[in-house]
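Worksheet: the structure to be examined is printed underneath.
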Amino acid sequence: MGKDSQNYYGKHGTPQKYDPTFKGPIYNRGCTDVICCVLLFLAIVGYVAVGIIAWTHGDPRKVIYPTDSRGEFCGQKGTKNADKPFLFYFNIVKCANPLVLLEFHCPTPQICVKQCPDRYLTLLSARNTRDFDYYKQFCVPGFQNNKGVTEILRDGECPAVITPSKPLAQRCFPAIHASKGVLMVGNETTYEDGHGARKNITDLVEGAKKANKILEARQLAMQIFEDYTVSWYWIIIGLVIAMLLSLLFIVLLRFLAGIMVWVMIVMVILVLGYGIFHCYMEYSRLRGEAGSDVSLVDLGFQTDLRVYLHLRQTWMAFMIILSILEVVIILLLIFLRKRILIAIALIKEASRAVGHVMCSLLYPLVTFFLLCLCIAYWASTSVFLSTSNTAVYKVVDDTACPLLRKTCNPETFPLRNESLQCPTARCQFAFYGGESTYHRALLGLQIFNAFMFFWLANFVLALGQVTLAGAFASYYWAMRKPDDMPAFPLFSAFGRALRYHTGSLAFGSLILAIVQIIRVMLEYLDQRLKAAQNKFAKFLMVCLKCCFWCLEKFIKFLNRNAYIMIAIYGTNFCTSARNAFFLLMRNIIRVAVLDKVTDFLFLLGKLLIVGSVGILAFFFFTHRIRIVQDTAPPLNYYWVPILTVIIGSYLIAHGFFSVYGMCVDTLFLCFCEDLERNDGSQERPYFMSPELRGILLKGNPQEGKQEEVEEE
């Protein structure tokens, strides 16, 4: 057995030896991975330079506000259209042209107006009447009524017809509604064209429907924004409730960790058992009903998932899956009951550690603040980069013209000879772009912006992990807890991480950022290849995405444990990662069991908090309950604030439980090191607490130590 143990250790590194001078996190340490620290500094300087360039050339108003055919903003202070906030399309049917999606502009004159049309009028019927004063506000600025109707329409100075419209995202769209099963615009079904002919409004309705589909996403976004403006107060209250419940759960976990674990395990077994019983009852109830014996293969895929609940085969499949899960969980509980007791003891020890370093519960606020800075800088830089293009004008004509869609200058186009080739052509604003070196480099700058966001965000998370690991390691390696702990363990760990290990944190986060940016590029390529019919390319893309997803998960796991070793020993990233990996491999059974058990407990805690707050939000925003005489505000979509509260509650609970998770991982690595360094004798005593020692090492400590080695 000794030879086998020696061979095992030879494969997975050398166990730590007893060191009488080792008393926890080393204070006399040096800077690590200096090259990566310098590289991070240079990258940040370059990132700031990119931001300055983007802010100099960009204009976010191009994303928010509409522009007319001359590229001028509608409704912006300091512009000639300051009192005209809405964009009016002369012929919105042309906006349904596929070229709109390709060239990002609608091939019809567009002007800024004070209000959208509220009546039906045609140019021919309004001409030489008092209605023409109303009609003229929808003609191009500076319009002079000194031409005939045909010439006005040819030159694109006025629309042939105006219809009742409603503003949507500051753009005028026909007011479509249903009347007796017929789609109508306003209260009319016909209109007159410029030559007095009566036409059916169906073409206009269909064109407007297509045009509306182009901006359905924008409409949904505006309605969601409206819901946020009237419900933000209650959303904040829901998030505060989630924070209080998270604190309450952690306090209960501090005193009732063992009981809570077993209660949750028993509840899972009972829930699965009830699920099996319910599936059997539904399977029996459907016996003899018409259509219930149809197989899932014959039915195929159906968008209405409720159809499957009327099949006996569906309930049989559910029953088999739940039965397998029930058996697997029971067998795991039987064979791993001792390891579960170790996990519970480790969780109890983590509760004591968090109790002695209570300020660690507030550290997620620091991480959240730094991540908000990273997200804000990335988002603002991305918006400024995407809006740093210049206005591009192109030739637009309804007839066949050799100059069609070529770039032009609106100021000189009417005077140039090229305009003589197409007398009816117009030089119209198309989109924002450019041909300079800067504009050609915009894609690369956007990729660099995304890469730096991943790098800095991972660096912030790594800083938090090293800080918490250093604080909790100070607790574990204190022989007399908490007397031998430093005065401010969290602040000491934070200072050591920034002073000595910025390079190591940059190294680990750089590796992870590279993998993440590759995954983003793969997703981009996957979107581009969706229309392709090459099955091999699709298969290869799926394999690459799966491999890089697994690689990212492995790197995150390895980095997390490497940061713990950095916090304790002060070694560089590669050395810490190697030592942490070998230490975990020497305790692979404990790693598998403890990691899953603790994750399961924390997951149940998160679901408990999220479920409680989510149910409360559902009953409130659906007007089923009232809080202190107040009722929920009217909403377009009640699921908007509910989902926001649920997601926010999960993030809050995850922030609190991340501290607990980091504490458990740190104590586990320290526990494995403690078993290798010491034997429990008076000369080499364990640093683990008596409570933890009572669960881990029953009887003689030396025998317990030997038993642990033999089990591995």
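First residue of the sequence shown: 1, per UniProt numbering; consecutive thereafter.
All residues carry an ideal CB built from backbone N, CA and C; glycine is no exception.
What is the DSSP secondary structure of VAL460, counted as helix, strand or coil?
-> DSSP places VAL460 in helix when its eight states are reduced to three.
Whose CA, out of PRO25, THR32 and PRO414, lies closest to the CA of PHE573?
-> Selected option, being the one with the closest Cα: THR32.
Any chance you could list the alpha helix (DSSP H) runs of at least 4 consecutive residues sitting entirely within the region 133 to 175, in chain order?
-> Listed in chain order, the complete alpha helix (DSSP H) runs (minimum 4 residues) inside the region 133 to 175 are 149 to 155.
Measure from the alpha carbon of THR79 to the alpha carbon of each residue in ASN91, THR644, TYR89 and ARG61, then state which is nearest.
-> Nearest of ASN91, THR644, TYR89 and ARG61 to THR79, Cα basis: ARG61.
Can you tell which of ILE514, THR387 and TYR475 has its C-alpha closest to the C-alpha of MET485?
-> Taking only the C-alpha atoms, the option nearest MET485 is TYR475.
Counterpart residues of LEU121 in DSSP-defined beta bridges = Beta-bridge pairing links LEU121 to ILE162.
For PHE73, the residue or residues it bridges with in DSSP | For PHE73, which the question treats as bridged, DSSP gives the partners THR67.
Which residues mark the beginning and the end of the beta strand (DSSP E) in which VAL113 is found?
-> Where VAL113 is concerned, the enclosing beta strand (DSSP E) stretches over 110 to 113.
Among residues of its own chain, excluding the 5 on either side of LEU692, which ones have a beta-carbon nearer than 8 Å to its beta-carbon?
-> Non-local beta-carbon contacts of LEU692 in its own chain, meaning distances under 8 Å to residues more than five positions away in sequence, involve ALA345, LEU346, LYS348, GLU349 and PHE671 in chain order.
To the nearest whole angstrom, what separates the beta carbons of TYR563 and ALA469, a pair I think is in contact under 8 Å?
-> About 6 Å separates the CB atoms of TYR563 and ALA469; that is less than 8 Å, so the two are in contact.
Please name the residue or residues paired with GLN682 in a DSSP beta bridge.
-> Per DSSP, none; premise fails for GLN682.
Do you know how far the Cα of GLU289 is from the Cα of SER295?
-> For SER295 and GLU289, the distance between alpha carbons rounds to 14 Å.
For TYR500, name the three-state secondary structure that DSSP assigns.
-> TYR500 falls in the helix class under three-state DSSP.
Under the DSSP definition of a beta bridge, which residues are partnered with TYR89?
-> Paired residue(s): GLN110.
For THR367, is the classification buried or exposed, using 16 other Cβ atoms within 10 angstroms of its Cβ as the cut-off for buried?
-> Flag for THR367 reads buried.
Take PHE132 as the anchor and find which of THR108, ALA160, CYS112 and PHE369 has the nearest alpha-carbon.
-> Looking at the Cα atoms, ALA160 is the closest of the given residues.
Are there 16 or more other CB atoms within 10 angstroms of the CB of GLY464, so buried, or fewer, so exposed?
-> By the neighbour-count rule (16 or more Cβ atoms within 10 Å), GLY464 is buried.
Within the same chain, show all residues whose beta-carbon is closer than 8 Å to that of CYS663, passing over the 5 residues directly before and after it, in chain order.
-> Non-local beta-carbon contacts of CYS663 in its own chain, meaning distances under 8 Å to residues more than five positions away in sequence, involve ALA350, ALA353, VAL354, SER360, LEU468 and PHE472 in chain order.
Between which two residues does the alpha helix (DSSP H) carrying residue 714 extend?
-> As shown, the chain starts at 1 and ends at 712. That puts residue 714 outside it, with no answer to give.
Check whether the region 119 to 134 touches the region 80 to 90, taking contact to mean three or more Cβ pairs, one atom from each stretch, closer than 8 Å.
-> Segments in contact, no.
Those residues which DSSP pairs with THR407 across a bridge = In the DSSP output, where bridge partners are listed per residue, THR407 has LYS394.
Should TRP455 go down as buried or exposed, given a rule of 16 or more other Cβ atoms within 10 Å for buried?
-> Buried is the call here.
How do the region 273 to 280 and the region 318 to 327 stand: do at least 3 beta-carbon pairs fall below 8 Å, yes or no?
-> Judged by Cβ distances under 8 Å, the region 273 to 280 makes contact with the region 318 to 327, as three or more pairs qualify.
For the alpha helix (DSSP H) that CYS372 lies in, which residues bound it at each end?
-> Where CYS372 is concerned, the enclosing alpha helix (DSSP H) stretches over 363 to 386.
Between the Cα of GLN76 and the Cα atoms of VAL50, LYS114, GLN110 and LEU40, which residue gives the shortest distance?
-> Nearest to GLN76 by C-alpha distance, out of VAL50, LYS114, GLN110 and LEU40, is LYS114.
Touching or not, the region 641 to 658 and the region 545 to 552, by the rule of three or more beta carbon pairs under 8 Å?
-> Verdict: no, contact absent.
Give the straight-line distance between the Cα atoms of GLU103 and VAL50, rounded to the nearest whole angstrom.
-> Confidence is the limiting factor: at GLU103 the pLDDT is only 44, short of 50, which leaves the residue's position unreliable, though a coordinate-based value still follows. Pairing GLU103 with VAL50, the inter-Cα distance amounts to about 27 Å.
Give the single residue among LYS136, TYR363 and ALA457 whose Cα lies nearest to the Cα of ALA513.
-> The residue from LYS136, TYR363 and ALA457 with its alpha-carbon nearest to that of ALA513 is ALA457.
Look up MET479 in the DSSP assignment and say whether it is helix, strand or coil.
-> Here MET479 sits in coil by DSSP.
Cβ-Cβ distance between GLY495 and ALA462 below 9 Å = It is not a contact, given that the beta carbons lie outside the stated cut-off.
Reference PHE90, options VAL34, PHE143 and CYS158, closest by Cα = Closest by alpha carbon: CYS158.
Can you list, in chain order, the residues of its chain whose CB lies under 6 Å from that of LEU558, leaving out five sequence neighbours each side?
-> Contacts found: ALA577.
Out of curiosity, what's the CA-to-CA distance linking ILE52 and LEU604?
-> Rounded to the nearest angstrom, the two C-alpha atoms are 46 Å apart.
Pairwise C-alpha distance: LEU601 and TRP477 | Approximately 26 Å between the Cα atoms of the pair.
Can you tell me the Cα-Cα spacing of ILE111 and CYS74, whole angstroms?
-> When only Cα atoms are considered, ILE111 and CYS74 end up about 8 Å apart.
Taking ARG388 as the reference, give the member of LYS406, LEU442, ALA379 and CYS374 with the closest Cα.
-> Residue 388 is actually Ser in this sequence, not Arg. For SER388, the closest C-alpha among the options LYS406, LEU442, ALA379 and CYS374 is that of LEU442.
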